[in-house]
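Some notes on the structure that comes next.
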């Protein structure tokens, strides 16, 4: 499918965001407890990781549906970044989510 | 998150569609060869399986983003059903994809 | 690969165990808090869900490596069942984990 | 779980191997056809990608079961590298599989 652009920068941002959100949830958040394991926040972290993984997967396949998934990915990454800012002490997650949201928004345009 | 509906019927349709597409691609399509492993068709089968799995995952979490993913899921399921119809001899895949597309479309509405 | 047995009962047990552990962690455990989100227990629930999903995936593919993964799957399912028993109030998880462990152990033999 | 070592090098090798095998299967192999889509070879590429992803996931969680999964991962990576060598023209896949197998073997020891 030569007419589908594979943007390795966006794939890398999705993979990094997926790993960072998952690792942070499973280690930092569970260790900290309190608002870090509040249901809405914690579920958002894991669901963001899952959507980023799936976005990377479709892009790696050169799928025509990458754009649709990148749109959802940009939205959940922004929501996750907002939630991490509210909880505080999660600067790395905020940064990778914002970066991933930005490149996914471009892909979805 | 009591205000998020968990529709176990749609989750079941997504899980069944994911397993059926994956199993059919990995066994039937690879055995048959020819148009069954034509890149666009084969990638669609695996990507459809992945998006259905992710849609089930978000619904199981009661995520607010389930609706967004169900929308993409309905589209890729319909595209996969169309492709399976063109290839032929894939009635089970067509049926589960159409059923999943229908329930995801209702969830996304 | 006609010489690889596809046991649809074990696949179903793995899929059910994966969904039940994930759904229970994301809803019941996060709502309850306390010992339900204690790091070792909560991580075990999610990792068990992941390994069960992967075990189902390899079995659906008719992979020669299914047996190896079923062995690991039986072990993590038993560990997850033990942890759920200690935490208490998680009877459904205990039951699906024990059932999955049993069928995986047979597959791995 | 302070007594579980998180080896970021092995996690990176697993993630890279997973992405490379998946991307190569979905693009190079499907484009080339012939022995590149022979069932045993193609399934091994996708199953190797899945096991590597799961190995990375458990290591990112600091799971006590990482060692068990790293053992399976080393075996499927070596099998995938062997298969890629037989098919030929897949040097990148061979290299990342060998590298991943080596670091997983150390983790499993």
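Chains as they are written, first to last, in this note's numbering: chain Y, 13 to 121; chain U, 13 to 121; chain L, 13 to 121; chain E, 13 to 121.
Cβ atoms here follow ideal geometry from the backbone N, Cα and C, with glycine treated the same way.
It should be emphasised that the depicted structure is a prediction, and the values quoted were computed from it without experimental measurement.
Output needed for residue 104 of chain Y: all residues of its chain with C-beta closer than 8 Å, excluding positions within five of it in sequence on either side, in chain order.
Spatial neighbours of residue 104 of chain Y in its own chain (CB-CB distance under 8 Å, excluding positions within 5 residues in sequence) are listed in chain order as 32, 36.
Use the C-beta contact count for residue 21 of chain U: other C-beta atoms within 10 angstroms, 16 or more gives buried, fewer gives exposed.
By the neighbour-count rule (16 or more Cβ atoms within 10 Å), residue 21 of chain U is not buried but exposed.
Please check if any C-beta of chain Y sits within less than 9 Å of the C-beta of residue 43 of chain L.
Flagged as an interface residue toward chain Y: residue 43 of chain L, by a C-beta distance shorter than 9 Å.
Could you pull out every residue in the same chain whose Cβ sits closer than 6 Å to the Cβ of residue 30 of chain U, ignoring the five residues on either side in sequence?
Take residue 30 of chain U, set aside five residues on each side of it, and the residues of its chain with a beta-carbon closer than 6 Å to its own are 61, 64, 65, in chain order.
In the DSSP assignment, find the alpha helix (DSSP H) that holds residue 89 of chain L and state where it starts and stops.
Looking at the DSSP string, the run of the alpha helix (DSSP H) that includes residue 89 of chain L is 78–99.
What do you get for residue 121 of chain L, buried or exposed, if any count of 16 or more other CB atoms within 10 angstroms of its CB means buried?
Burial is judged here by how many other beta carbons sit within 10 angstroms of a residue's own beta carbon; residue 121 of chain L has fewer than 16 and is exposed.
Around the Cβ of residue 55 of chain L, are there at least 16 other Cβ atoms within 10 angstroms (buried) or fewer (exposed)?
Buried, by the Cβ-count rule.
Just verifying my parser: in three-state terms, what is the DSSP assignment at residue 1 of chain U?
Beyond the ends of chain U as shown, which are 13 and 121, falls residue 1 of chain U; an answer cannot be given.
Report the residue from U/86, U/59, U/50 whose alpha carbon sits nearest the alpha carbon of residue 118 of chain U.
A check of alpha carbon separations from residue 118 of chain U across U/86, U/59, U/50 identifies U/86 as the nearest.
Supposed close pair residue 106 of chain L, residue 96 of chain L - CB separation, criterion 8 Å:
The Cβ separation is near 5 Å, so the contact holds.
Going by CA-CA distance only, name the one from L/48, L/111, L/75 that's closest to residue 90 of chain L.
The shortest C-alpha separation from residue 90 of chain L is found at L/111.
Suppose you measure from the CA of residue 74 of chain Y to the CA of residue 58 of chain U; what does that come to, to the nearest Å?
Answer to the nearest angstrom: the Cα atoms are 12 Å apart.
In whole angstroms, what is the alpha-carbon distance linking residue 38 of chain E and residue 99 of chain U?
Those two C-alpha atoms are separated by around 19 Å.
With 7 Å as the C-beta to C-beta threshold (strictly closer), list the residues of the segment 60–71 of chain L near chain E in chain order.
Against chain E - using a Cβ distance shorter than 7 Å - the residues of the segment 60–71 of chain L are 62, 63, 66, 69, 70.
Along the alpha helix (DSSP H) that carries residue 65 of chain E, what are the first and last residues, could you check?
From DSSP, the alpha helix (DSSP H) with residue 65 of chain E extends over 51–72.
Can you check whether the CB of residue 72 of chain U is closer than 9 Å to the CB of residue 81 of chain U?
Contact flag unset, no.
Is there a C-beta anywhere in chain E that falls below 9 Å from the one on residue 27 of chain Y?
Yes - at least one Cβ of chain E is within 9 Å of the one on residue 27 of chain Y.
Beta-carbon neighbours of residue 34 of chain Y, restricted to chain E and to distances below 9 Å
Simply 69, 72, 73.
Beta-carbon of residue 38 of chain E versus every beta-carbon of chain Y: anything under 9 Å?
So yes, residue 38 of chain E belongs to the interface.
Please tell me whether residue 84 of chain U has its Cβ less than 9 Å away from any Cβ of chain E.
Chain E, which has no Cβ nearer than 9 Å to the Cβ of residue 84 of chain U, makes this no.
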